[in-house]
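Comments concern the structure below.
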Amino acid sequence: MDQLDVNQTNREGKSALHMSAQNRHFLCAERLLRCPQIVVDPLNRSDWTPLMMALTKDNNMDVIRLLVDSGADLTLKNKDGWNGFHIAVRSGCLPQIQYLFARDSRVADTRSRTARTPLHTACLCSHHRVVDFLLDNCGYGCDERDSCGITPFMESLRNDCVDISRLLVRKHAIDARLADKLGRNGLHLSCETNAVDAIKYLVNDHKFDVNCVTSVGHLTPLHLAVKEGHIEAIRLLLEFGADTHLTDSKGRTPRDFAALLKRADCQQILTQSV
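Residue numbers for the sequence shown follow our numbering, so the first one is 262 and each next one is one higher.
Here it is, written out as structure tokens:
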């Protein structure tokens, strides 16, 4: 192996060390790292290091420890602005997250290129135990916004993970009515994704107005549910008293949306509710 170019890459820019790390091949990675000429942190075409690749897999602690003990840089970021800690949070393997944090707690002080924190990502991926750990140890604000104005609380809602929504409210004083840059609050976002448990939670527990409108477009939750064709959300909103006659900024009702988008099932439900 000493006569080979151990740092040679494929068309994706991945080296043998990348592949070993990604596929949990501890013995291969160990042998490669013994080579004097090995580069521990080579970047592929998307600026991913072998450590980042290793962190996409759960139960990969042996390879992760090996890379870190061999000098892998925990602070490097890929082209999306994600460091290894952020990637580990997305994967959801809590022991690997705790290991990185114990090695250097500064890895948690990170934002992606779109200003998303690891807490945003954990909420989006419904990693309850990871969210709990991040809230207790990393100092993230539950009202921190990404470049689109989305907060971790909003992410939990549109992913219909009400357990995480409740956890965020319980551990932090948050403003449940914050809106993103399009003026969509948590109820609007929940209706866009058919997050029916989140809709019930916001209306019942937080007393959201079922006819609230976005600041951009003057859209109601019902407009958005119809736009996406979410029958469950439409029925639920109607049960909560959604007004089918309210218009958006262009004078269109939810029924107009259904007709425009040729959603016959939505049209039928809206007509029956009149």
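Even for Gly, the Cβ is constructed at its ideal location relative to N, Cα and C.
Between the CA atoms of residue j and residue i - distance to the nearest angstrom
i: R306; j: K318; result: 20 angstroms
i: G342; j: P515; result: 39 angstroms
i: N398; j: F518; result: 46 angstroms
i: V392; j: L265; result: 44 angstroms
i: N284; j: A369; result: 25 angstroms
i: V423; j: P297; result: 51 angstroms
i: T454; j: D421; result: 8 angstroms
i: R377; j: F414; result: 13 angstroms
i: G444; j: R438; result: 10 angstroms
i: L380; j: Y462; result: 21 angstroms
i: D330; j: H279; result: 16 angstroms
i: T270; j: L293; result: 14 angstroms
i: T532; j: I492; result: 13 angstroms
i: K432; j: M322; result: 30 angstroms
i: A486; j: M314; result: 38 angstroms
Top-ranked residue by Cα proximity to residue i, from the options
i: L448; options: N268, N284, I495; result: I495
i: R364; options: V464, D424, D334; result: D334
i: R374; options: S352, F394, R406; result: R406
i: L355; options: G345, C452, H388; result: H388
i: L395; options: R513, C409, Q359; result: Q359
i: T508; options: A520, V474, L531; result: V474
i: A465; options: V487, F501, A486; result: For the record, residue 465 in the displayed sequence is Asn; it is not Ala. Minimum Cα distance to N465 is reached at F501.
i: G353; options: R390, T371, L337; result: R390
Pair within 8 angstroms by beta-carbon distance, residue i and residue j
i: N357; j: L316; result: The amino acid occupying residue 357 in the given sequence is Gln; Asn does not appear at that position. It is a contact, given that the beta carbons lie within the stated cut-off.
i: L328; j: L304; result: no
i: L498; j: L522; result: no
i: V324; j: A290; result: yes
i: G478; j: S510; result: yes
i: V350; j: T382; result: yes
i: D441; j: I460; result: no
i: G490; j: R513; result: no
i: D302; j: N339; result: no
i: D436; j: D404; result: yes
i: A456; j: T481; result: no
i: Q529; j: A520; result: no
i: S426; j: S417; result: yes
- Task: Can you check the stretch 330–384 for any beta strand (DSSP E) of at least 3 residues that lies completely inside it and give the ranges in chain order?
- Result: none
- Item | Runs of beta strand (DSSP E) wholly within the stretch 420–457 (minimum 3 residues, chain order) | none
- Message: Report the start-end ranges of each alpha helix (DSSP H) in the stretch 264–334 that is 4 residues or longer and not cut off at the edges.
- Response: 277–283, 287–294, 311–315, 322–330
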